[in-house]
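A.B. asks: What follows is a single structure, and I will ask about it in a moment.
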Amino acid sequence: MNTIPTIQNEAGATVLDSELKGLIADVLGLDPAQAATFGPDSGLFGHLPELDSMAVAGLLTEMEDRLGIVIEDDDVSGEMLETYGGLFAFAKAKLADR
Amino acid sequence: MGPEGTTTEELLVAFDRGRTRRLLVCPAWFDEANKLRRFTVEVMRRLDNAGIDSFLPDLPGCNDSLAPAALQTLPGWRAGMEAAAHKFGATNVLAIRAGALLVPAHLPGWHYAAQSGPKLLRGMIRARTIAAREAGLEEQADTLMALGRSEGLVLGGWQLGAAMIRDLETAEPVRAQGHSDIAQSQVGGPGMWLRAEPDEDAKQVDALTAIISDDLSGTSA
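Put into structure tokens, the structure is as follows:
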């Protein structure tokens with residue numbers, strides 16, 4: 001039975017991945033195919049000039065609404081915002097805590 | 001209306017051909033106002049083609065307003081929208097995002113993706129703490145809010161006075177009989193206020209216009 005949670009986690013991670021990429025596409029005005037090319041090291045805040053603090057704040061608020069999580073101020077770090085991988089790891093951990 | 005009940009003059013975008021249906025638009029606020037400006041005016045253009053007049057006043061203290069931003073209050077803005085509704089002979093109201101906080105309750109109309117005061121404030125405070133952290137400063141939301149309540153704050157470049165911040169902490173959309181909600185899912189695609197840079201989407205404009213004009217043609221006498 002140990003494999004089932006793993007499969008569920010992988011399935012869950014895939015869903016989260018597409019949710020997050022969809023959200024970034026919505027914020028940046030990309031088509032989904034472009035957002036799908038994001039990898040763990042793809043740069044976000046500080047790398048994309050159009051992604052300013054206001055846009056990031058909007059992105060976090062939308063993450064809360066779409067994923068059903070609450071993001072505290074203390075959660076927000078440069079590390080989690082800098083790359084797609086950082087944001088993904090953060091969202092995954094938040095969902096696991098829920 | 002100014003903070004002491006004095007009327008201020010603000011710029012207005014209007015499609016006024018003296019028609020029966022006259023829609024007052026309560027716009028989105030601050031950063032969202034910029035991102036939704038083109039969307040909002042495009043909806044007004046389509047409504048004009050559909051035979052509906054519409055009026056979009058600037059909020060005092062915003063855009064080209066001569067009124068001092070830091071002195072604006074929620075009751076002042078509400079009174080201003082009320083005065084605008086009477087002046088233009090509005091028959092209906094369309095509120096966009098935080099515009100829902102300003103709706104004259106006597107007019108029937110629509111709340112498009114209504115946003116509450118606390119959510120608006122939270123997003124703006126968050127943007128400020130993120131920008132501060134990027135600049136190597138540490139600002140806490142709680143400390144900022146305490147300062148905001150007593151002295152006011154600059155958030156995202158907008159000066160919010162202490163009264164406005166205290167008002168927003170509890171402000172909810174004005175809901176009255178004859179008001180209906182339009183969710184983003186009815187308009188389709190992601191909300192334009194989410195975009196990092198202003199953009200437009202003709203399909204969303206058409207969808208919102210259709211909801212309003214269909215509702216109005218269904219209720220017209």
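Residue numbers (the UniProt record's numbering), protein chains in the order written: chain X, 1 to 98; chain C, 1 to 221.
We treat Cβ as the ideally placed atom computed from N, Cα and C, and that holds for glycine.
A quick note: this is a predicted structure, and the numbers were derived from the prediction, not measured.
Go through the stretch 113-173 of chain C residue by residue and report every complete run of the beta strand (DSSP E) that reaches 3 residues or more, in order.
C.D. replies: Listed in chain order, the complete beta strand (DSSP E) runs (minimum 3 residues) inside the stretch 113-173 of chain C are 153-155 and 158-160.
A.B. asks: Rounded to the nearest angstrom, what separates Tyr112 of chain C and Ile96 of chain C at their Cα positions?
C.D. replies: Position 112 of the second sequence, counted from the first residue, corresponds to residue 112 of chain C. Position 96 of the second sequence, counted from the first residue, corresponds to residue 96 of chain C. Rounded to the nearest angstrom, the two C-alpha atoms are 5 Å apart.
A.B. asks: Drop a sphere of 10 angstroms on the beta-carbon of His179 of chain C, count the other beta-carbons inside from all chains shown, and report buried for 16 or more, exposed for fewer.
C.D. replies: Taking the second sequence and counting its residues from 1, the one referred to as residue 179 of chain C is at position 179. Answer is buried; the Cβ neighbour count reaches 16.
A.B. asks: From which residue to which residue does the beta strand (DSSP E) around Arg22 of chain C run?
C.D. replies: Taking the second sequence and counting its residues from 1, the one referred to as residue 22 of chain C is at position 22. It spans Arg22 to Cys26 - the beta strand (DSSP E) in which Arg22 of chain C sits, taken as one unbroken run.
A.B. asks: Which residues in the same chain have their Cβ closer than 6 Å to the Cβ of Asp58 of chain C, if we skip the five residues on either side of it in sequence?
C.D. replies: As a first step, residue 58 of chain C is located in the second sequence; it is residue number 58 there, counting from the start. Glu10, Leu11 and Ser65.
A.B. asks: Suppose you measure from the CA of Gly191 of chain C to the CA of Ile125 of chain C; what does that come to, to the nearest Å?
C.D. replies: For the purposes of this step, residue 191 of chain C is identified with residue 191 of the second sequence, where counting begins at 1. For the purposes of this step, residue 125 of chain C is identified with residue 125 of the second sequence, where counting begins at 1. Gly191 of chain C and Ile125 of chain C: Cα-Cα distance of roughly 21 Å.
A.B. asks: For my contact list, Phe55 of chain C and Ala28 of chain C are in at a C-beta cut-off of 8 Å; report their separation, rounded to the angstrom.
C.D. replies: Taking the second sequence and counting its residues from 1, one reaches residue 55 of chain C at position 55. Taking the second sequence and counting its residues from 1, one reaches residue 28 of chain C at position 28. That pair is no contact at about 16 Å.
A.B. asks: Is it true that the CB of Val27 of chain X sits closer than 8 Å to the CB of Leu59 of chain X?
C.D. replies: The sequence position of residue 59 of chain X within the first sequence is 59, counting from 1. The sequence position of residue 27 of chain X within the first sequence is 27, counting from 1. Taking 8 Å as the Cβ cut-off, Leu59 of chain X and Val27 of chain X qualify as a contacting pair.
A.B. asks: Considering only heavy atoms of the ligand COA, does any lie closer than 7 Å to the CB of Ala70 of chain C?
C.D. replies: Absent from the structure shown: the ligand COA. Ligands present: none.
A.B. asks: Would you call the stretch 132-149 of chain C and the stretch 42-51 of chain C touching, i.e. three or more CB-CB distances under 8 Å?
C.D. replies: The stretch 132-149 of chain C, when compared against the stretch 42-51 of chain C, does not touch it at the 8 Å Cβ threshold.
A.B. asks: Check whether the Cβ atoms of Leu87 of chain X and Leu51 of chain X sit closer than 8 Å, and answer yes or no.
C.D. replies: Indexing the first sequence from 1 puts residue 87 of chain X at position 87. Indexing the first sequence from 1 puts residue 51 of chain X at position 51. Cβ atoms of Leu87 of chain X and Leu51 of chain X: not closer than 8 Å.
A.B. asks: With a cut-off of 8 Å, does the C-beta of Ile4 of chain X fall near any C-beta of chain C?
C.D. replies: Here the question's residue 4 of chain X lines up with position 4 in the first sequence. The predicted model places Ile4 of chain X with a pLDDT of 34, which falls under 50 and marks its position as unreliable, so this point remains unresolved.
A.B. asks: Exposed or buried, what is Ala105 of chain C when buried is set at 16 or more other beta-carbons lying within 10 Å of its beta-carbon?
C.D. replies: Locating residue 105 of chain C in the second sequence gives position 105, where the first residue counts as 1. Looking at its Cβ environment, which holds fewer than 16 other Cβ atoms inside 10 Å, Ala105 of chain C is exposed.
A.B. asks: So which residues on chain A does Ala55 of chain X lean against when the C-beta distance must stay under 7 Å?
C.D. replies: Although the question refers to chain A, the structure presented lacks it and instead comprises the protein chains X and C.
A.B. asks: Give the DSSP bridge partners of Asp181 of chain C, in chain order.
C.D. replies: Counting from one through the second sequence, the residue named residue 181 of chain C turns up at place 181. Partner(s): C:His111.
A.B. asks: Under 6 Å Cβ to Cβ from Val103 of chain C, same chain only, skipping five residues before and after it: list those, please.
C.D. replies: The residue given as residue 103 of chain C occupies position 103 in the second sequence. Counting only Cβ-Cβ distances below 6 Å, and skipping sequence neighbours, we find Cys26, Val93, Ala95 and Val174.
A.B. asks: Unbroken alpha helix (DSSP H) runs of length 4 or more, entirely within the UniProt domain "Carrier" (14-95) of chain X: which are they?
C.D. replies: As far as the UniProt domain "Carrier" (14-95) of chain X is concerned, its whole alpha helix (DSSP H) runs of at least 4 residues are 32-36, 53-67 and 78-82.
A.B. asks: What residue range is occupied by the uninterrupted alpha helix (DSSP H) comprising Asn49 of chain C?
C.D. replies: Taking the second sequence and counting its residues from 1, one reaches residue 49 of chain C at position 49. Phe30 to Asn49 is the extent of the alpha helix (DSSP H) around Asn49 of chain C.
A.B. asks: Measuring only between beta-carbons, confirm whether Leu60 of chain X sits less than 8 Å from chain C.
C.D. replies: Position 60 of the first sequence, counted from the start, is the residue given in the question as residue 60 of chain X. True, the Cβ-Cβ gap to chain C drops below 8 Å.
A.B. asks: Is there a Cβ from chain X that is less than 8 Å from the Cβ of Ala207 of chain C?
C.D. replies: As a working note, residue 207 of chain C is residue 207 in the second sequence. Not one chain X Cβ lies under 8 Å of Ala207 of chain C.
A.B. asks: Short check: CB of Ala98 of chain C to CB of Glu32 of chain C, under 8 Å?
C.D. replies: Here residue 98 of chain C is taken as the residue at index 98 of the second sequence, counted from 1. Here residue 32 of chain C is taken as the residue at index 32 of the second sequence, counted from 1. In this structure, Glu32 of chain C lies closer than 8 Å to Ala98 of chain C by Cβ.
A.B. asks: So which residues on chain X does Gln140 of chain C lean against when the C-beta distance must stay under 8 Å?
C.D. replies: Mapped onto the second sequence, residue 140 of chain C falls at position 140. Result: Asp73.
A.B. asks: Tell me which residues share the same chain as Val56 of chain X and place their Cβ nearer than 7 Å to its Cβ, disregarding the 5 neighbours each side in the sequence.
C.D. replies: What you label residue 56 of chain X is simply residue 56 of the first sequence in a count that begins at 1. These residues qualify, in order along the chain: Phe45 and Leu81.
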